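What follows is a set of notes on a single structure, which appears directly below.
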Amino acid sequence: MLRRLRATAELTREEVTERTGINGVTLYRIEKARARPQRRTLTALMEVYGADEAQRSDLLAAERHAQDRSRVRPYHAGLSEHYTAYIGFEAEARTVRAYEPSLVPGLLQTERYARAVAGVALPEAGRPGADPWVAALRERQAALGVCPAPRLRAVVDEAAVRRVVGGSEVMREQVEHLLRIAAEPRVRVQVIPFGAGAHAGMAGGFVHLEFPDPRDPELVYLDTPAGDLFLESEEETRRFRAAFEQLRSVALDPRDSAELLAGVCRS
């Protein structure tokens with residue numbers, strides 16, 4: 044109902060954010076029934092949308108009895124709110140475009156590689172059996188096996204596949220996994236070779252999400268040392284979409300990328 048009220052009021056999500064201060068990602072989750080709004084949030088939205096008494100009554104009744112149907116699981120405890128939200132968005136996406144300059148993208152990581160990364164970035168996550176981050180990663184990867192699965196377009200710098208993470212055995216297993224999954228029809232993996240020189244992705248990685256419903260805004264997810272965040276304005280998402288296409292253009296094509304990966308395995 045909230046989405047219909049917003050449409051009737053002829054307001055974009057960006058305009059609602061400007062008027063209410065409600066985070067755009069939070070608004071998106073509420074409209075997708077992935078999160079239950081707090082009473083003050085619901086009240087603010089009803090005011091902005093000009094809801095009548097009957098609509099207010101229905102919304103407040105639903106709020107009292109609603110159950111949060113988000114994808115949050117017990118093992119998500121300790122993960123950031125944005126990362127938890129990202130897991131749901133990624134599963135809903137039609138196309139996931141992931142770029143990483145120094146790591147294998149999460150959706151393509153083996154568990155041992157992921158634990159080696161987590162053990163450095165998140166020391167508490169390094170203990171076997173006690174890693175919510177790796178458990179959440181497994182859930183993300185499982186979404187690739189559902190129907191319809193999102194299309195995955197991944198671009199990585201050559202450094203990501205040559206850096207020995209977790210030891211030579213773990214890294215060989217990881218690159219072999221990349222080769223296998225890159226052969227799947229909905230997955231495309233491209234590698235930017237060292238010889239390509241400077242390129243648009245040297246500042247850091249990002250993920251661009253595109254959804255089946257054209258009315259849903261595209262999203263960009265950034266995981267930075269200062270915290271993770273979403274970008275959702277049309278200008279921002281368009282800029283990152285263009286950056287991804289530029290990275291694809293300087294990367295090896297999928298066939299040549301597979302040959303490079305095979306060479307890494309042999310070395």
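According to the numbering used here, the sequence shown holds residues 44 to 310 in order. We treat Cβ as the ideally placed atom computed from N, Cα and C, and that holds for glycine. All values reported here derive from a predicted model rather than from experimental measurement.
Which same chain residues end up closer than 8 Å to residue i when comparing Cβ atoms and leaving out the 5 residues on each side of it in sequence?
i: Ala-65; result: Inspection of the sequence shows that residue 65 is occupied by Ile rather than by Ala. Here the set comprises Val-59, Thr-84, Ala-87 and Leu-88.
i: Arg-181; result: Glu-154
i: Arg-291; result: Arg-196, Val-198 and Gln-233
i: Glu-216; result: Thr-153, Arg-155 and Tyr-156
i: Glu-96; result: none
i: Arg-282; result: none
i: Glu-279; result: Val-263
Verify whether the separation of the beta carbon atoms of residue i and residue j is less than 7 Å.
i: His-251; j: Phe-273; result: no
i: Ala-294; j: Ile-224; result: no
i: Gly-209; j: Ala-159; result: yes
i: Asp-200; j: Pro-144; result: yes
i: Gln-289; j: Ala-243; result: yes
i: Ala-136; j: Pro-193; result: yes
i: Val-207; j: Val-307; result: no
i: Val-91; j: Thr-51; result: no
i: Asp-271; j: Tyr-126; result: yes
i: Thr-138; j: Glu-253; result: yes
i: Leu-48; j: Ala-94; result: yes
Who are the near neighbours of residue i in its chain, counting only those whose CB is closer than 6 Å to its CB and skipping five residues on each side?
i: Glu-167; result: Since pLDDT at Glu-167 reaches only 48, below the 50 mark, its modelled position is unreliable, and no value is offered.
i: Gly-67; result: Arg-56, Thr-60 and Glu-275
i: Ala-141; result: Pro-148, Ala-197 and Val-250
i: Asp-256; result: none
i: Pro-117; result: With a pLDDT of only 47 at Pro-117, under 50, the local geometry of the prediction cannot be trusted, and the value read off the model is given with reservation. Within the same chain, Pro-117 has no close Cβ partners at all.
i: Ala-202; result: Ser-145
i: Phe-237; result: Glu-201
i: Ala-134; result: Ala-186
i: Asp-299; result: none
i: Arg-82; result: none
i: His-220; result: Thr-153
Per the DSSP calculation, residue i is bridged to which residue(s)?
i: Ala-197; result: Ala-141 and Val-232
i: Leu-252; result: Val-139 and Leu-262
i: Asp-271; result: Asp-266
Under 8 Å by Cβ, that's how I've got residue i and residue j pegged, so tell me the actual separation to the nearest angstrom.
i: Leu-195; j: Val-230; result: 5 Å
i: Ile-73; j: Leu-54; result: About 14 Å separates the two Cβ atoms, so there is no contact after all.
i: Leu-304; j: Leu-222; result: 5 Å
i: Asp-174; j: Ala-161; result: 6 Å
i: Leu-122; j: Trp-176; result: 7 Å
So, at 7 Å on beta carbons, what are the nonlocal neighbours of residue i in its own chain, with the 5 sequence-adjacent residues on each side left out?
i: Val-213; result: Arg-155, Tyr-156 and Ala-159
i: Ile-130; result: Arg-114, Ala-179, Glu-182 and Arg-183
i: Gly-172; result: Per-residue confidence for Gly-172 stands at a pLDDT of 41, beneath the threshold of 50, marking its modelled position as unreliable; the derived number appears in the next sentence. Closer than 7 Å at Cβ, skipping near neighbours: no residue.
i: Gly-169; result: The predicted position of Gly-169 is uncertain, since its pLDDT is 43 and thus under 50; a value taken from the coordinates is nonetheless stated next. Excluding residues within five positions, the ones whose Cβ falls inside 7 Å are Arg-158, Ala-161 and Gly-162.
i: Val-239; result: First, the amino acid is wrong: residue 239 is Ala here, not Val. Taken in chain order, the residues that qualify are Val-293.
i: Pro-297; result: Ala-225, Arg-231, Val-232 and Gln-233
Could you give the residue range of the alpha helix (DSSP H) that holds residue i?
i: Ser-211; result: 211-225
i: Val-91; result: 82-92
i: Gln-289; result: 277-293
i: Thr-63; result: 56-63
i: Ser-311; result: Residue numbering for the chain in the displayed model covers 44 to 310; residue 311 lies beyond these limits and cannot be assessed.
i: Pro-175; result: 175-185
i: Ala-50; result: 45-51
i: Thr-153; result: Neither: Thr-153 is in no alpha helix (DSSP H) and is coded neither H nor E.
i: Gly-67; result: 67-74
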